[in-house]
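Okay, so here's the structure we're looking at.
Residue numbers (our numbering): 307 to 459.
This is the structure:
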């Protein structure tokens, strides 16, 4: 199941051009969270007509967030965007898109440590942003609209 899940995630790394345009339209001194909110809002617009189940929306969110965060980082540091490498694990691909360290040899311990960090980050306490996403999501809107609300709190 994990391999199937990760295959689906890796096939969804590519951001719609409109999301890339939104990110690139921000001044480089913009706060990354402001760019993240706008990115989520643009994904809400992009997927507004697509009737998806909750599981698919979650997979899309997991896949797109890595690419969005990497593109925001590369934009505010005035560096070219690095395309995802679908042959890498989620953690390795995220580091690849952020820092372009293709010559760096990932050890299993680094890969596993990043995986644990991502899980701990995703499974943290009920803070304001989590509560906001849950409250906004309770009425059944687009997941990306809920994520924008959560990122704004």
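No residue lacks a Cβ here, since even glycine has one placed at the ideal position from N, Cα and C. Remember, it's a predicted structure, so these values are computed and weren't measured experimentally.
- Going by DSSP, residue 381 is part of the alpha helix (DSSP H) stretching over 360–382.
- In this structure the stretch 417–428 does not lie against the stretch 316–323, because fewer than three pairs of beta carbons, one per stretch, are closer than 8 Å.
- In the same chain as residue 434, and ignoring 5 residues on each side of it, the C-beta atoms closer than 6 Å to its own belong to 459, in chain order.
- Assigned with DSSP and collapsed to three states, residue 387 falls in coil, not helix or strand.
- Linking residue 453 to residue 436 through their CA atoms gives a straight-line distance of about 9 Å.
- Apart from the 5 residues on each side of it in sequence, residue 332 sits with its Cβ closer than 6 Å to the Cβ of 341 in its chain, given in chain order.
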